[in-house]
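Q:
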Amino acid sequence: MKRSRSFARTRSAGLAIVLAIMSSWSGAARADVVDDIYAAGNQAALAGDWAGAIEHWERALELLPGRSAQLDYDLGTAYAQLGELGRATYYLQRALQPETRPGVEVAEAARRNLGIVRHRAEVQAEVNDARISDEERWWDLVVAVLAGRTVGWLTLVSGWLLVATIMIRLAQRRRLAQPARPAPDGRAARPRQHRAGTGRITAALALVFALVFVIGGGLHGIAMKAADDHPDAIALDSLVELREGPGAHLPVTLRLQGGSRVRVLDERSGWVRVRLPAGLEGWARRESIARLDAPVMRSSVRAKLPSDAASTP
Amino acid sequence: MAATLVAAPRPAAAAEVEVTAVLARAQVEVGQQVYLQVEVETDGGSIGQPQLSGLDDFDVSSRGTSSGMSVQIGGGGRVQRSTKTFTYALSPRKPGEFVIGVEVEVDGELRRASSKPKLKVSGSAAAAPTETETETETELHAGKAGDLPTSPDAEVIVWPVVDKAEVFIGEQVVYELQIWERTSGNLSITSAPTFKDFWSENLQVDNARRNAERKLLGNVPYRVHSTIRRALFPQKAGTLVIGGPRVEAQHFGLFGPGGPPRSFAGRNLAIEVKPLPAAGQPRGFRPSNVGRFEIAADVDRTTLRQGEAVRLSVRIAGTGNIALVELPSLPELEGLRSYEPKPRTPQLELGKAELSGSRIYTLLLVADQAGELTIPAIELAYFDPKTQRYEVAASKPIHLQVDADPNAEPSPVAPAADGNGETELLVPPIAGGELVRVTPREPWLTRERWWVGALSVPAVLGLGWAGGALLRRFGPDDLARERARDLARRRMLLSEASAAVDGGEGFYPKLAALLQAAAIGRAGPEGVGLTRERLIALLAERGAAQQELDELRELLDACDAARFGAGRGDTEQRREHLERARTLLRGAAWSIPRGGSDTRGVAR
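What follows is the structure, encoded as structure tokens:
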């Protein structure tokens, strides 16, 4: 009995080791493929073939298990070179997202290219008589900071410090209600006035924690919910027609310049309802709008993989 | 003969095709209107337009058609019938008796109405204007433009006028429809004037003039209404005719309409349109630029950086067909790249004597070069019909100060040094050998955790508050708390005495305090403040055993002796005293009774 149990344990351990080796091998192989495709895109970019570079880099992005600010930046720049300002904006914005942890060099270059793309989009909007979203203002920064994790931690810690402070304060009040006793070593008891001063400090601290928790927490919750319910998105196509409802037969309410930042309000059968920062709303085709918090939309164009080349007769 | 018989229209067979013609009234006066209704019922055949005969002395106007369909299901099966009804308004021009013939082509075959309606017209032929009369008014002498009607015979005179009868192509003509009336009936325009070969814009009519203006015509008072004002711009040379309108007057009695409405036709007006003079005509002149115009240009800013855009607004204003006036070709803009101009909707002033207004064109200019750039004067050539000369309106030149920007995009027209054009200024892709990547980590503080943690704070506070409230409501009262305090104090004294056994420091005071507290606790509140002997006596009264009282007295005396006499004694002695005190107080009678005791006034 004991022997069979030991055999089963050995067998499962062996199986686990084999699986681990297989998975690590497959991850390494996948990384190699991504690097190869990325290198092919680099070659195309060096030759000035931006369309070819985009094709390869998008495939690399599709196969990449994680995120890469460098790849997003390269794609954004390549699209900017081709004059596709919507997609350029989308990838450059992705390159600046905190979860990609962009290096200083990538972040600076992405910001600069984003500025150039924005400037071109503004000119295009004038020429096309299209709407473009306003540039980000201090208010957008405030909302972004409020929805950030720093404020989340700050408010959470403040909340629990508030609980602790209230408990300390209650204990102090109980002690204040008791008669003063001399210390065991014979020294005189602390005067009541001194204990009252400590109580005032804890009361002030409790007030500060309560304010930070209530106001900061409330604003953080609202900002977070807004970001969840109405995620940020970018208009991808050169000109996106916003309609009165989800249907191609409905009248066009306004034309949106590619690269405009919008918020997604609703999604329905291939259509999304978006809102510009100025409050204008309309329905656009889903494929013409890309959410910044979602994975990259799959491209219909496929780059030829080195493995494909090997398998082709 | 046979052919004639075949071609002659057949009376409509009741079963297949049925044609009926009905007049609304059998007798009317000259100029009064009567409706003729022609109803054609078929089993689905195609129906042509009815042909009316015997109406040479009538003004006939169609008032529309209506269609219907019915399905009958009976013993013979299902029968589908479709009906089409044509309505005509007939207005007789002279008295007499008229028989109206009606023929309709159904499926290529002519069908006659089953009966011919008859109409008796009374009155005199002069009561209504005739087509021939209106036709004679078609020719309009230049000097008679805006003239007045001459004869006060009719109760309603439809009188269109223009401000001029001879104009150039594109020159503005103001048309006004006046209705002179002395009738008590309601007037309505049944047929609007036609403006073929004219570009027309509606002008506002003064409310005062629209309502009524009293005028005399051959000593007969008339109310004159100005109903329609139009600015007309002839689009071709020659004699252009403005079609006369038609007005209907309906009288009402106490019990509804007082007879059929009467129809009144207005005269046609012929306008002589001359071509624009060829002499002095500028090259590329646009024929819509006829009138008097001004042009002005403006920019939204005059100081900018290289590569930035400036918005140029060109405003053309004046009297004429402002909707058709186009922006003239822009002069050469050195150092500036221009985009397609966008016209705004023209702003028309419709309340003035003539049509005037303005139109703004905006265009985007991008400064490709640094330095002082100039937008030259923009010139608009137009023909002024008053002076009969071609004129040129020009805007003022605009100077722009463009600051150099080394990062500005070069002009796509002038290629960059490496031939890469405007894309050169973008920071190039990194495109390094190794792709830097990260695996996104799920942060500990997820949104769900934050919500749970944040909502737990008020929950904990609320629970604490509720617990406190419950404790205050159902927890121990003051006496119980006092008893607990006494017990705690006794335990504390006992433990302090135990701790002081070895050292002896403070042992006996603690032990004495403990014993006295126990004694007062057993004696109750009456024992507070009594001397030792009295306290022991009170304990005796309370039923304490003499042996216990002796032990208590002995121990208290020992404590006094140690405190105020020989000193702290040795360890063995103190341990013995402590053990004896413990033994004494272990008895149930020495425990603190319910209701507590005040030990603060313990006798010394």
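Protein chains in written order, with this note's numbering: chain A, 1 to 313; chain B, 1001 to 1604. Glycine residues also receive a C-beta, built at the ideal position from the N, C-alpha and C atoms. These numbers come from a predicted model, not from an experiment.
1) Considering only residues of the same chain and omitting the five flanking positions on each side of R1305 of chain B, which have a CB-CB separation below 6 Å?
2) Check the Cβ of R243 of chain A against every Cβ in chain B and list those closer than 9 Å, keeping chain order.
3) Taking only beta-carbon atoms, is V1457 of chain B less than 7 Å away from chain A?
4) Check each residue of the segment 1317-1346 of chain B: if its Cβ is closer than 9 Å to any Cβ of chain A, include it; give the result in chain order.
5) I1316 of chain B and F1293 of chain B: beta carbons closer than 7 Å?
6) Return the residue from the list B:R1472, B:D1478, B:K1084 that minimises the CA-CA distance to T1065 of chain B.
7) The segment 64-77 of chain A: which residues have C-beta closer than 8 Å to a C-beta of chain B, in chain order?
8) Write down every uninterrupted run of the alpha helix (DSSP H) in the segment 197-273 of chain A whose length is 4 residues or greater and which is fully enclosed by it, in chain order.
9) Sort out for me which residues DSSP pairs S1061 of chain B with in a bridge.
10) What does D35 of chain A reach in chain B if we use C-beta pairs closer than 8 Å?
11) Quick one: which chain B residues come within Cβ less than 7 Å of D134 of chain A?
12) For A45 of chain A, decide whether its Cβ has a neighbour in chain B, counting only Cβ atoms nearer than 7 Å.
13) With burial defined as no fewer than 16 other Cβ atoms inside 10 Å of the residue's Cβ, what is the status of F1507 of chain B: buried or exposed?
14) So which residues on chain A does T1439 of chain B lean against when the C-beta distance must stay under 9 Å?
15) Under a CB-based cut-off of 7 Å, is A284 of chain A close to chain B?
16) Report yes if the CB atom of L1612 of chain B is closer than 7 Å to the CB atom of E1171 of chain B, and no otherwise.
17) Within 8 Å, do at least three Cβ pairs link the segment 1540-1549 of chain B to the segment 1464-1472 of chain B?
18) Output yes if chain A places a C-beta closer than 7 Å to the C-beta of L1216 of chain B; else output no.
19) Leaving out five residues on either side along the sequence, give the residues of the same chain with a beta carbon under 6 Å from the beta carbon of V1383 of chain B.
20) Got a sec? Which residues, its chain only, sit under 6 Å from R210 of chain A by beta carbon, not counting five neighbours each side?
21) Could you pull out every unbroken alpha helix (DSSP H) segment of at least 4 residues lying fully inside the segment 1101-1128 of chain B, listed in chain order?
22) What's the gap between the Cα of A1414 of chain B and the Cα of A1394 of chain B?
23) Use the C-beta contact count for P1160 of chain B: other C-beta atoms within 10 angstroms, 16 or more gives buried, fewer gives exposed.
24) Kindly say whether A121 of chain A, judged by its beta-carbon, lies nearer than 7 Å to any beta-carbon of chain B.
25) Taking 6 Å as the limit between beta carbons, can you name the residues of its chain near L1585 of chain B, skipping five residues before and five after?
26) Curious, which full-length alpha helix (DSSP H) runs of at least 4 residues does the segment 1500-1533 of chain B contain?
27) Start and end of the alpha helix (DSSP H) containing S1456 of chain B?
28) Taking all protein chains shown into account, decide if R1239 of chain B is buried (16 or more other Cβ within 10 angstroms of its Cβ) or exposed.
29) I'd like the list of long-range same chain contacts for R285 of chain A, defined as Cβ closer than 7 Å, with 5 residues on each side in sequence excluded.
30) Consider the Cβ of D293 of chain A: report whether some Cβ of chain B lies at a distance smaller than 7 Å.
31) Are the segment 1094-1102 of chain B and the segment 1047-1063 of chain B touching, with three or more C-beta to C-beta distances below 8 Å?
32) Would you give the residue range spanned by the beta strand (DSSP E) that Y1339 of chain B belongs to?
33) Nearest by alpha-carbon distance to A1500 of chain B: which of B:E1442, B:Q1573, B:L1487 is it?
34) Measuring only the C-alpha atoms, how far is A1497 of chain B from R1489 of chain B?
35) Count the other C-beta atoms from every protein chain shown that fall within 10 angstroms of the C-beta of S1184 of chain B, then say buried if there are 16 or more, exposed otherwise.
36) Would you verify that the beta carbon of G279 of chain A is, or is not, closer than 7 Å to some beta carbon of chain B?
A: Per the coordinate set shown:
1) D1403, D1405
2) What R243 of chain A touches in chain B: nothing, since even the nearest Cβ is about 22 Å away.
3) yes
4) Y1339, E1340, K1342
5) Between I1316 of chain B and F1293 of chain B, the CB-CB gap stays under 7 Å.
6) B:K1084
7) L64, P65, G66, R67, S68, A69, Q70, L71, Y73, D74, T77
8) Listed in chain order, they are 217-229.
9) B:A1089
10) E1434, L1435
11) The premise fails here: D134 of chain A is roughly 17 Å from chain B at the closest Cβ pair, so nothing lies under 7 Å.
12) yes
13) buried
14) Within 9 Å Cβ-Cβ: P65, G66, R67.
15) no
16) The structure shown does not extend to residue 1612 of chain B, since chain B is modelled only from 1001 to 1604, so the question has no answer here.
17) no
18) no
19) In the sequence under discussion, the amino acid at residue 1383 of chain B is Phe, which differs from the Val named in the question. Answer for F1383 of chain B: L1276, V1290, Y1390, listed in chain order.
20) In the sequence as displayed, the identity of residue 210 of chain A is Ala instead of Arg. Around A210 of chain A: L162.
21) Unbroken alpha helix (DSSP H) stretches of 4 residues or longer found wholly inside the segment 1101-1128 of chain B: none.
22) Low local confidence applies: a pLDDT of 39 at A1414 of chain B is under 50, so the model's placement there is unreliable, and no value is given.
23) Per the 10 Å Cβ criterion, buried.
24) A121 of chain A does not count as touching chain B.
25) A1518
26) 1507-1523
27) 1447-1474
28) As written in the sequence, residue 1239 of chain B is Thr, which differs from the Arg given in the question. Exposed, because fewer than 16 other Cβ atoms sit within 10 Å of the Cβ of T1239 of chain B.
29) Cβ neighbours of R285 of chain A beyond the five flanking positions: G270, W271.
30) no
31) Because the criterion of three Cβ pairs below 8 Å is met, the segment 1094-1102 of chain B and the segment 1047-1063 of chain B touch.
32) Careful: Y1339 of chain B lies outside any beta strand (DSSP E) and carries neither H nor E.
33) B:Q1573
34) 12 Å
35) Counting of Cβ neighbours within 10 angstroms places S1184 of chain B among the exposed residues, the total staying below 16.
36) no
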